[in-house]
Every structure is written in structure tokens, then in C-alpha cells.
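Asker: I'd like to ask some things about the structure below.
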Ligand code: BG6
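Listed below in C-alpha cells is the structure:
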């Protein structure tokens, strides 16, 4: 792997502490960092590199998926000492010249050859500014070295603002050097979807409207919006979760087999799914959490959260029924559901198969259909439900299940999404990042729903915290003779 310096803008922020530092430590332990490597945390506060190293240690101890079992002295020598701090006000362009000099000095020390990953873990309003300043100070040059930029979500607020942001970034970076993060793509089971479909003889032949009744994709959370009221008031569940994470899972489930496993071939197929999406106004449901009592604790309503307007109409829950208008999926509904303050935190893709012809055993219409669930989290795995004969005399048929837990593979402890993503950026593999046209088409889709919601004067349905969202979401299913499945249980 090429050597490089990882420059984290927003180096003192939450994402860096919770995700990036622990991910780097795990990559180090697995021997997945390049020989020539250094990290520069860029932030506005007055800190020393020593203090940053302490924060790195603390964040590993607090948030890493595996305890810090390495030899501390060695860790210090070969890992922690590579972390540096650089104080910079992102909005003050004069500081970038000095940053450039600083990075060039580090190039000498660590043999990093001018290669850079600029990770923008900052509020979106700084994305264009930082990118322009990097350009103006000649920090993105193509003289045999490479410079890549990693952008956290949200990539715009709607299609128009995403277009503007993209144009700004493209002044400095080529499309192949822009890594738009969707951390769901870094999750192990999201990566497994294509393997499951295209590396097995028995899934793909039945993966179509002849055999599949419908698909449900749920990303449910128990937490409220916490301290993110300011952001969430501009965003809501549709922009925060549907435009990115849910659309990405949907494309992986529904895409056609790519011509090969190259980044562009895969992205081409995902874009086709996004272009084929259709939704009707009556098939979208929104909701907002009200108060509720969970485990004996009273939880406050969204409107009482910090930095939220007392009459806010922002949705914390969204459910929709969408169709993919192509040969494979015509008439198969995809039901998507996401929300805050729901009873369980989990993310799953559930595929319900059609009933087989009503002869033989299926004369009895009470028999259970086959179900396949891809558990993205918390217990990564695949669950299959099918019918068998109840052992013993008689002909009773019972549903049974086969349940594969990912961690059963040789005690495998799945890497965190950010480990895989950071590693891929350093390797120059952008398959698990979103290409511009994926962003574009998902905004087109989401924008139309935003327009429906924001041109309506209807009050937003309120659901009690700790429940499964507004009753309208259940009706969306009930009207089709279906129901939402909760988290899969063996
Ligand atoms: C983020 C959203 O992108 O994803 C958050 O902004 C959400 O609102 C989070 O809580 C969920 O991610 P995960 O990995 O915890 O399911």
C-alpha cells in the first residue's frame, strides 16, 4: 500500500474520537496501515500533539471493539507517535499555507511521498471552504503523488445544494478522488449481500418477482436525537437515513449482477436501481416521537429536545412503499422503515417469499411462507425460515429456522465500518463509497417526497416514544394484507 498522511479536519470532534481513532488502532493491530504513515488532527482548539495522543488512547479504551491488549511501549513507539496536532481555523485561509509546510516536513520524517487523505469530519458548511483552500494553496497536485478527500454525510440538503457542493469539490478533486462516505456500506453484512446473491446457486434464481412477495428494509433505533437537534431540524429521518443508508441497502438487494466486480461496474448497476424507483404520495408515512415511558423512564418528546422548535414538524420516522420498475421487480413492493425512539435498535432486510401453489400441503392456507432475513445489526447474520414435518406420528407441519451468526466463523469479531472504509481510501478502492450519480438519483427520489410533505398543511402524526411509529405505518402494510416484522428471533 502507498504511504500517506491522514489529515483529519475536525480532529477534536466526536466522529474522530468515537470512530476514527479506534478504527486506526485496529488497522494498526491487523498490520493494515502502510509503513510510511502519519495522522494530523486539525482543529480549532489549542492542543498539543501529546494531548492528541492521550485522546487517542482514551478513545481506544472507550470505543474500540477490542480491548487494547498490545504492548503499550510498542504501541507508543510505532503507532501513537505518528499522531500530530495542527491548530487551524478552517475559515481562515492564511493558516493553510503553514499546514502545507507542516505536512511536507512530515513527508520527510515518515516517507509519505506527498500522498494525502483529507478526511472532512466537519460540519457540512465547511466542505466547500476547506476544499477551495486546499486548492488555493496547491495542496492537491498530481505530480506522481495522490490526494483524496473523504466527505462525511450529509452530501447536500437536496439535489440543488448537492449539485453546488459537488461542483465546488470538483474544482479541486477528480471524481475518482472523492470518497463520499456512507458508513452502512462499510458494515460487514451490507458487503455480504452481493456475495450471498451472486456466490450461491440457490438465491439468485428465485430473486425476482416470480418468487418474492415483498421486501422489508428496517433501520430502527431506540435513541432519540440527543444533542443533534440543530442538525436534525434541517434534516429529518428521510434525509438523514433514507436518502443514503436505506437507498444503499435497497440497491444492493435489487441490483442486477454487474459485468465484473470492478468499482464502476457495481456502481453502474446500483444507479440503474435508483433510476427505476417509483413511489406514490399515498405510500409515504412520516411521524414524530412524542413522550413515552420506556423501562420506567419518562422520555421527552422530540419537540422538547434541545435546539428543536416547540412546533417542529420534522419527521423522526419515515415509512414508505416503493417499486422498482424493471423486469425483475415489477409489482414487488419494497417497504422501508426507519425511526428514532422505537422499541429496538436493529437493521434488517427481510425477504418474504410467495406461497407455493395451493395443492398438497399448501391446501392448508395457514402454512407459513418462507422468509429470508439478512441481519445487518446487531447480530450480523442470515436467517432462513422454512417448513418441515413435526417429528412423530401425524402430518403436522411446523416452521423451523436456520440461523447463521457471523461471529460464529472462528470467533470472528467484525471490523467496524470505519476500519474497512479508511483502509479502502488508503488503498484507493472506492467501491464502498457513493459515486456522484448515486447521490444525484437518490436526492431526486427523496426531493419529491420532501415536496409533498412540505407543501402539505397536515399535522405530522405523533407516536409515543418506545412504540413502532405512527398507526399510519401499520396501515401502509395492513391495506396490502401484510405486516411489519420486528427484529428476527430464532
Ligand atoms: C447516521 C445518522 O448516519 O446513522 C444517525 O446521522 C443514525 O442519525 C446513524 O443514528 C445510525 O448508524 P448505526 O451505524 O448506529 O446504525
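Numbering (the numbering used here), first residue to last: 24 to 513. By construction, the Cβ of each residue, glycine as well, lies at the ideal position given by its N, Cα and C atoms.
1. Is there at least one Cβ from chain C nearer than 8 angstroms to residue 72's Cβ?
2. Count the other CB atoms within 10 Å of the CB of residue 477; is the residue buried (16 or more) or exposed (fewer)?
3. Based on DSSP bridge pairs, tell me the residues matched to residue 241.
4. By how many angstroms is the C-alpha of residue 104 removed from the C-alpha of residue 296?
5. What are the boundary residues of the alpha helix (DSSP H) that residue 257 is part of?
6. Terminal residues of the continuous alpha helix (DSSP H) containing residue 322?
7. Is residue 71 near residue 109, with beta carbons less than 8 angstroms apart?
8. Could you say if the segment 443 to 460 and the segment 161 to 173 meet the contact criterion of at least three C-beta pairs nearer than 8 angstroms?
9. State whether the segment 391 to 402 contacts the segment 361 to 370, with contact taken as three or more CB pairs (one from each stretch) at a distance under 8 angstroms.
10. Confirm the yes/no value for this check: CB of residue 242, any heavy atom of the ligand BG6, distance under 7 angstroms.
11. Am I right that residue 69 and residue 119 are in contact with their C-beta atoms under 8 angstroms? What's the rounded C-beta distance?
12. Helix, strand or coil, according to DSSP, for residue 354 in the structure here?
13. To the nearest whole angstrom, what separates the beta carbons of residue 133 and residue 26, a pair I think is in contact under 8 angstroms?
14. How should residue 492 be labelled, buried or exposed, when 16 other C-beta atoms within 10 angstroms of its C-beta is the threshold for buried?
15. Starting from residue 13, trace the alpha helix (DSSP H) in both directions and tell me its first and last residue.
16. With contact counted as at least three CB pairs below 8 angstroms, one residue from each stretch, are the segment 283 to 293 and the segment 321 to 341 in contact?
17. Would the segment 208 to 224 and the segment 358 to 365 be scored as touching if the rule is three or more Cβ pairs under 8 angstroms?
18. So, with DSSP's three-state summary, where would you put residue 110?
19. Who are residue 454's beta bridge partners in DSSP?
20. Which residue wins for smallest C-alpha separation from residue 275, given the options 237, 83, 213, 288?
21. Suppose the cutoff is 8 angstroms on Cβ atoms and the five residues either side in sequence are ignored; what does the same chain contact list for residue 376 look like?
22. On the DSSP bridge list, what partners appear for residue 159?
23. Do three or more CB pairs link the segment 188 to 203 to the segment 308 to 322 at distances below 8 angstroms?
24. Please classify residue 410: does DSSP put it in a helix, a strand, or coil?
25. Looking at the unbroken alpha helix (DSSP H) that takes in residue 82, where does it start and where does it end?
Answerer: Judging by the given coordinates:
1. The structure shown contains no chain C, having only a single protein chain.
2. The residue given as residue 477 occupies position 454 in the chain shown. So residue 477 ends up on the exposed side.
3. Counting from one through the chain shown, the residue named residue 241 turns up at place 218. In DSSP, residue 241 forms a bridge with 360, 371.
4. The residue you call residue 296 lines up with position 273 of the chain shown. The residue you call residue 104 lines up with position 81 of the chain shown. Approximately 46 angstroms between the Cα atoms of the pair.
5. Position 234 of the chain shown, counted from the first residue, corresponds to residue 257. Its alpha helix (DSSP H) spans residues 252 to 260.
6. Within the chain shown, the letter at position 299 stands for residue 322. Taken as a continuous stretch (DSSP letters only), residue 322 belongs to no alpha helix (DSSP H), being part of the beta strand (DSSP E) at 320 to 322.
7. Within the chain shown, numbered from 1, the residue matching residue 71 stands at position 48. Within the chain shown, numbered from 1, the residue matching residue 109 stands at position 86. No.
8. yes
9. yes
10. What you label residue 242 is simply residue 219 of the chain shown in a count that begins at 1. Yes, the ligand BG6 has a heavy atom inside 7 angstroms of this Cβ.
11. Within the chain shown, numbered from 1, the residue matching residue 69 stands at position 46. Within the chain shown, numbered from 1, the residue matching residue 119 stands at position 96. With a Cβ gap of about 18 angstroms, residue 69 and residue 119 do not count as contacting.
12. One-based indexing of the chain shown puts residue 354 at position 331. Reduced to three states, the DSSP call for residue 354 is coil.
13. One-based indexing of the chain shown puts residue 133 at position 110. One-based indexing of the chain shown puts residue 26 at position 3. Yes, residue 133 and residue 26 are in contact; Cβ-Cβ is about 7 angstroms, under 8 angstroms.
14. Along the chain shown, read from residue 1 onward, the residue named residue 492 stands at position 469. The residue in question, residue 492, is buried, as its Cβ has 16 or more Cβ neighbours within 10 Å.
15. One cannot answer for residue 13 here, as it falls past the ends of the chain, which runs 24 to 513.
16. no
17. no
18. For the purposes of this step, residue 110 is taken as the residue at position 87 of the chain shown. Correct three-state label for residue 110: strand.
19. Translated into the one-based positions of the chain shown, residue 454 becomes position 431. Answer is none; residue 454 lacks a bridge partner.
20. Position 252 of the chain shown, counted from the start, is the residue given in the question as residue 275. Nearest option by C-alpha distance: 213.
21. Counted from its first residue, the chain shown places residue 376 at position 353. Once the five neighbours on either side are set aside, the close Cβ partners of residue 376 are 229, 234, 235, 236, 392, 393, 394, 395.
22. Start at 1 with the first residue of the chain shown, and residue 159 comes out as number 136. DSSP, once it has assigned bridges, lists no residue as partnering residue 159.
23. no
24. To locate residue 410, count along the chain shown from 1; it is residue 387. Of the three classes helix, strand and coil, the one that applies to residue 410 here is strand, per DSSP.
25. The residue given as residue 82 occupies position 59 in the chain shown. Its alpha helix (DSSP H) spans residues 72 to 86.
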